[in-house]
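Chains as they are written, first to last, in my numbering: chain A, -1 to 243; chain B, 7 to 816.
We put the CB at the ideal spot given by N, CA and C, even for glycine.
Just so it is clear, the structure is predicted and the values come from calculations on it, not from any experiment.
To start, the structure itself, in structure tokens.
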């Protein structure tokens, strides 16, 4: 079991012996091989690995985007712990919408909606905020990510870095305690990527838990904790237990 | 507006071509259903209302001449309410400034002020003529260019001419309502009869029954009793007709034809629904990422489902906005056209609530039903599949990296390709790509093929039905081979007429025919059918008979007839060798049925007997009032010219000729009426073809859109614009050609079905189906053209994209 950074508190998310196997015409392929992992509140966890190592699959297990073949994913977000792997698609959608913000490398903004509407969308779908309140909140979030002046533009009319900021604002729309980011800086230039990273660091400082997947080893020191993944297995390394402080 | 609903609104306008395609495909169905349902209701209501408003007679007796003293016999008959006598005769007429003669039926009415039955609707001028004046029915204007105040010239039997002033134009929706092929009518008073050398006598009775004027059995019984009564009092009844008070005699025929159009309308809705399903499936496919994103941020199945359902409803509402007004206008236009053909009036433009409701139901429900499957599939998709575009992969299953299994088609194609290569034949790679692309989206291909094939099969079927109907008319023409028919006011010796006729150059052959009218009786003695017996010589050269059962009449036959299949309506089990009870000139008799043949039974049944027997029976041995002439040419123009020549020749020679008619004219009139029906069918067929073509356009657009990235890769490795365009167009043509081949087969049952329905509606008997290559060839040309047109736009769009654009495509 990796990590003993927070022995006194219960993990926010816990993966127990998670296995993911894909079936194809070519035969079976195991993408995750018995992963055990605890993620604690306030962590900025980096999951680092090469392409095909299984890091995005691991993220999909945490977010419930994909179903595991074996094992358990327990999330202690809200009053009751949730067995993520037992939820159906509908319950997962609602749980995810309220508990977890997700940021992808390709931003995944809806092209026909303005930036403001993109940020309002999770609030509309989860029904946590009154429409008027959600508009105010979306503007606040856009201000936080320093893009409020473009609020009424369509995604196509702003840069990639700006789109990623909007995606982060959207991920924060329902004020989830956890933010999950899959290669969020992968398609950005180094300066813009640095800005995004600084934004994440600010959010962690504000108490959010962030789980970020990346293939860039250079980012390792900037996480509060990082784990390495290779061929579907977590690799024990001295750095794995390092906590940046 | 909440973001999700704003997304729905923006999605509607995101791709205007796609929106228009879906809206038009719904609108075509709604429009055709609206037009036909509206016309159906309007005609159903107005046809009979207009007919009943003119107080139609329930009974019509065509009799020998009788005078006023005879009227009480009819007026005092039991169950008879109102009686009006008239004299009806036909005569040739022309405008004063024209030499073109037209045969009119003149109706002489004793007192226009007392006229209570078969009322005339005034349209222009005076509805009531005075002495030496005439009022014409509006149908006359189709044949004679004349205005109120002008003179109409009539040709009397001796060839002399008389002129009457036209004082008014009227519409007569009731007289001759069951025979739209009858000559047009003109109306005079009885005191004008002497001017036209007609006796001051009646020959026709119009009467209504007491009590229920809408009970066909009752009316038939009263008619039979009245006829008996008249004949017992010494006046022969040549023919009887009965009609209901509140139902136009052609209502069932018109409704049957509208029924066929309705069936085609339903089919169009059905086809458009498959097009809607196809387009929505593609739309959902293109929106998978959106659905994935919504589910990522908390969207549930029912929210996504509701969003797309609202979108479908919006498509339906847009289609309704387009189709309902045009459907209403189209319905009235169709009803008006039919009304003008059948000479009845509509009660005015109006929205038909039933048609309106049907249109709304079709416009809302059909897209909902058609889109339900794709939307439920799209909304239920998992986030992972949505984000990775898994719905696009029709093989289904979970996200599965690794090699896919070869499909059956791919194996077949590889085998064919290998076999060709072994023989040194290399199929061009772009052609192979086109062929493979065609079969990549099997469900979409199936729906597109279904729509296009059905459209094509109906198109071809309509052509076959047209040929079938005309072949039947040609077949009917075999019983009228003569080029000119000469009718005289009194009988003449056969040899005499032949001799005089041959004096006209071009006359090759003359035959005198005998006639008899009779009533076929049920075993209980009531009248089942009116029958006209045509009796050419047994060895006639002018009847090319093709009996469908039994044999034709032959020399030596007495009391024997070959009768039309229409008899099976009243005697379903009748077969050659059976006897029919008949009443001829008030005398009951039994005739042997030697054969059955196909014919158009519009005004009672037709039978053929031999001249030798029937001329003796009518005391006209070696004489006749009607002669058939064969000329040296057989086209209608020549027949018309010869009719004029013979008419003039006989009049100048002092013969009392009543009319000379070209042989093809009656047939051509009937064919014109059929053409109108065929035009309607063709319009419906074109609509189905358009829906099919729209389906293909949509499919090609979607295929190209989904392959944008592939196209970019092909261009990156050297494919030029023309190569890309050719690949897309060939794919469209392959689909078009497959649909054509499938249509070849599907058109067979459709042709049989349509022919049966149409022939039952029009001829009241099933007719032999005839296939024509014309429809297949036209459709082949059309489907290639449509396929190319449907592919050109998507192909151009594909070729226009830059490599950077297509490779950046998401």
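| message | Tell me which residues of the segment 303 to 317 of chain B have at least one Cβ-Cβ distance to chain A shorter than 7 angstroms, keeping chain order. | response | 303, 304, 305, 306, 307, 309
| said: So residue 744 of chain B and residue 455 of chain B are supposed to be a Cβ contact under 8 angstroms. How far apart are they, rounded? | reply: Position 738 of the second chain, counted from the first residue, corresponds to residue 744 of chain B. Position 449 of the second chain, counted from the first residue, corresponds to residue 455 of chain B. Their Cβ separation, rounded to whole angstroms, is 6 angstroms, which keeps residue 744 of chain B and residue 455 of chain B in contact under 8 angstroms.
| task | Spell out whether any CB of chain B is found under 8 angstroms from the CB atom of residue 79 of chain A. | result | Within the first chain, numbered from 1, the residue matching residue 79 of chain A stands at position 81. Judged by the 8 angstroms Cβ criterion, residue 79 of chain A is not in contact with chain B.
| Does any residue of chain A bring its CB to less than 8 angstroms from the CB of residue 775 of chain B? | As a working mapping, residue 775 of chain B is identified with position 769 in the second chain. Answer no: the Cβ-Cβ gap between residue 775 of chain B and chain A never drops below 8 angstroms.
| request: List the residues that DSSP assigns as beta-bridge partners of residue 120 of chain B. | output: The residue you call residue 120 of chain B lines up with position 114 of the second chain. Paired residues: none, contrary to the question.
| task | Could you list which residues in chain B have their beta carbon closer than 9 angstroms to that of residue 172 of chain A, in chain order? | result | Taking the first chain and counting its residues from 1, one reaches residue 172 of chain A at position 174. By Cβ distance, chain B contributes 303, 304.
| said: With three or more beta-carbon pairs closer than 8 angstroms as the criterion, would you say the segment 193 to 202 of chain A touches the segment 157 to 169 of chain A? | reply: yes
| task | Starting from the N-terminal side, write out each stretch of the beta strand (DSSP E) that is 3 residues or longer and does not extend beyond the segment 171 to 225 of chain A. | result | Every beta strand (DSSP E) of 3 residues or more that sits fully in the segment 171 to 225 of chain A is shown, in chain order, as 176 to 180, 207 to 212.
| Residue nearest to residue 448 of chain B in terms of C-alpha spacing, selected from B:698, B:287, B:510, B:652 | As a working mapping, residue 448 of chain B is identified with position 442 in the second chain. Checked all of B:698, B:287, B:510, B:652; the closest Cα to residue 448 of chain B is B:287.
| request: State yes or no: is the beta carbon of residue 92 of chain A nearer than 8 angstroms to at least one beta carbon in chain B? | output: Numbered from its first residue, the first chain carries residue 92 of chain A at position 94. Yes, contact with chain B.
| task | Please check if any C-beta of chain A sits within less than 8 angstroms of the C-beta of residue 385 of chain B. | result | Within the second chain, the letter at position 379 stands for residue 385 of chain B. Taking Cβ atoms only, chain A never reaches closer than 8 angstroms to residue 385 of chain B, which makes this a no.
| Which chain A residues sit within Cβ distance under 8 angstroms of residue 148 of chain B? | Residue numbering aside, residue 148 of chain B sits at position 142 when the second chain is read from its first letter. Here the premise fails: no neighbours, minimum Cβ distance about 59 angstroms.
| field | Within chain B, the residues that residue 88 of chain A reaches when beta carbons sit closer than 7 angstroms | value | Numbered from its first residue, the first chain carries residue 88 of chain A at position 90. Ordered by position in chain B, the residues that pass the 7 angstroms Cβ test against residue 88 of chain A are 306, 307.
| message | Residues of chain A with CB closer than 8 angstroms to the CB of residue 20 of chain B, please, in chain order. | response | On the second chain, position 14 is the one that residue 20 of chain B refers to. Correct list: 110.
| said: Any beta carbon from chain A within less than 8 angstroms of residue 320 of chain B's own beta carbon? | reply: As a first step, residue 320 of chain B must be located in the second chain, where it is residue number 314. For residue 320 of chain B, the answer is no, since every Cβ of chain A falls outside 8 angstroms of its Cβ.
| query | Which whole-angstrom value is the C-beta distance of residue 591 of chain B and residue 242 of chain B, which I expect to be below 8 angstroms? | reply | Position 585 of the second chain holds residue 591 of chain B. Position 236 of the second chain holds residue 242 of chain B. Yes, they are in contact, since the Cβ atoms of residue 591 of chain B and residue 242 of chain B sit about 6 angstroms apart, within 8 angstroms.
| request: Please classify residue 614 of chain B: does DSSP put it in a helix, a strand, or coil? | output: Here residue 614 of chain B is taken as the residue at index 608 of the second chain, counted from 1. Of the three classes helix, strand and coil, the one that applies to residue 614 of chain B here is strand, per DSSP.
| message | Measuring only the C-alpha atoms, how far is residue 104 of chain B from residue 155 of chain B? | response | Numbered from 1 along the second chain, position 98 holds the residue referred to as residue 104 of chain B. Numbered from 1 along the second chain, position 149 holds the residue referred to as residue 155 of chain B. Cα to Cα, residue 104 of chain B sits roughly 16 angstroms from residue 155 of chain B.
| What are the residues of the segment 219 to 233 of chain A that lie near chain B, defined by any Cβ-Cβ distance shorter than 8 angstroms? | none
| Would you say residue 324 of chain B reaches chain A, if we count a Cβ-Cβ gap shorter than 8 angstroms as a contact? | As a first step, residue 324 of chain B must be located in the second chain, where it is residue number 318. No, residue 324 of chain B lies away from the interface with chain A (no Cβ there is under 8 angstroms from its Cβ).
| Endpoints, the alpha helix (DSSP H) within which residue 45 of chain B is located | On the second chain, residue 45 of chain B is found 39 positions in, with the first residue counted as 1. Unbroken alpha helix (DSSP H) run through residue 45 of chain B: 22 to 59.
| Segment limits, beta strand (DSSP E) that includes residue 570 of chain B | By one-based count along the second chain, residue 570 of chain B stands at place 564. 566 to 570 is the span of the beta strand (DSSP E), which, as asked, contains residue 570 of chain B.
| Nearest-angstrom Cα separation, counted from residue 232 of chain B out to residue 30 of chain B | One-based indexing of the second chain puts residue 30 of chain B at position 24. One-based indexing of the second chain puts residue 232 of chain B at position 226. Approximately 59 angstroms between the Cα atoms of the pair.
| request: Locate the beta strand (DSSP E) running through residue 603 of chain B, then write down its first and last residues. | output: As a working note, residue 603 of chain B is residue 597 in the second chain. Segment 593 to 603, the beta strand (DSSP E) holding residue 603 of chain B.
| task | State yes or no: is the C-beta of residue 662 of chain B nearer than 7 angstroms to some heavy atom of the ligand NAP? | result | The ligand NAP is absent from the structure shown, which contains no ligands of any kind.
| query | Going by DSSP, which residues form a beta bridge with residue 195 of chain B? | reply | As a first step, residue 195 of chain B must be located in the second chain, where it is residue number 189. Answer is B:115.
| field | Proximity test, Cβ basis, 8 angstroms: residue 16 of chain B and chain A | value | Working through the second chain from its first residue, we reach residue 16 of chain B at position 10. Closer than 8 angstroms to some Cβ of chain A, the Cβ of residue 16 of chain B qualifies, so yes.
| query | Between which two residues does the alpha helix (DSSP H) harbouring residue 590 of chain B extend? | reply | Residue numbering aside, residue 590 of chain B sits at position 584 when the second chain is read from its first letter. Per DSSP, residue 590 of chain B belongs to no alpha helix (DSSP H); it is in the beta strand (DSSP E), 585 to 590.
| query | Quick one: what does DSSP say residue 95 of chain B is sitting in, helix, strand or coil? | reply | Locating residue 95 of chain B in the second chain gives position 89, where the first residue counts as 1. Residue state, collapsed to three classes: strand.
| Beta-carbon separation of residue 600 of chain B and residue 562 of chain B under 8 angstroms? | By 1-based counting over the second chain, the position of residue 600 of chain B is 594. By 1-based counting over the second chain, the position of residue 562 of chain B is 556. Contact: no.
| query | Does the segment 315 to 331 of chain B come close enough to the segment 368 to 377 of chain B that 3 or more CB-CB pairs lie under 8 angstroms? | reply | yes
| message | Using the three-state DSSP reduction, which class does residue 668 of chain B fall into: helix, strand or coil? | response | Here the question's residue 668 of chain B lines up with position 662 in the second chain. Residue 668 of chain B: strand per DSSP, three-state reduction.
| message | I want to see whether chain A comes within less than 8 angstroms of residue 346 of chain B, judged by CB atoms only; does it? | response | As a working note, residue 346 of chain B is residue 340 in the second chain. No, residue 346 of chain B does not count as interfacial toward chain A.
| task | Answer with yes or no whether the minimum CB distance from residue 8 of chain B to chain A is below 8 angstroms. | result | Walking along the second chain from the start, residue 8 of chain B turns up at place 2. So yes, residue 8 of chain B belongs to the interface.
| message | Can you confirm whether the segment 269 to 288 of chain B touches the segment 458 to 471 of chain B when touching is taken to mean that 3 or more C-beta pairs between the two stretches lie within less than 8 angstroms? | response | The segment 458 to 471 of chain B vs the segment 269 to 288 of chain B: in contact.
| For residue 71 of chain B, which of helix, strand or coil comes out of DSSP? | Here residue 71 of chain B refers to the residue found at position 65 of the second chain. In the three-state scheme derived from DSSP, where H, G and I count as helix and E and B as strand, residue 71 of chain B is classed as strand.
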